[in-house]
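J.: Per the UniProt record's numbering, the very first residue in the sequence shown carries number 1; after that it's consecutive.
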Amino acid sequence: MSKEKIFELLQNTIYEVLPDLEGEQLSQEDRLVDLGADSVDRAEIITMMLEELSLQIPRVELTGVSNIGELAAKLYEKVQAV
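1. Pick helix, strand or coil for Asn12, following the three-state DSSP scheme.
2. Within this structure, are the beta carbons of Leu17 and Leu55 separated by less than 8 Å?
3. On the DSSP letters alone, give me the boundaries of the alpha helix (DSSP H) that Gly69 sits inside.
4. Applying the criterion that 16 or more other CB atoms from any shown protein chain within 10 Å of the CB defines a buried residue, is residue 125 buried or exposed?
5. Any idea what DSSP makes of Val33, helix, strand or coil?
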């Protein structure tokens with residue numbers, strides 16, 4: 001799966017968890033907190049992405065990302081390692 005496809009899946013997941021953003025263009029530099037995601041929303045987005053990608057990794061491995069582009073890149077890295 002490509003980085004672009006993972007970013008697309010991430011966007012769709014964000015729209016699902018934060019429906020008020022539907023129709024807005026998200027960029028890779030956007031931060032979940034700036035988009036209005038609280039800690040529960042962020043945890044839900046990560047959980048949904050891990051399920052979508054069939055990844056079974058500790059969530060702590062995804063810490064340290066500062067925006068959704070970095071999150072998509074980290075998920076891509078984990079998918080490639082499987």
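Where is the CB? At the ideal position from N, CA and C, for every residue including glycine.
T.: With the given structure in hand:
1. helix
2. Strictly speaking, residue 17 in this sequence is Val, with Leu absent from that position. No, the pair does not count as a contact, with Cβ atoms beyond the cut-off.
3. Ile68 to Ala81
4. Because residue 125 is not part of the residues shown, which for the chain are 1 to 82, the question remains open.
5. coil
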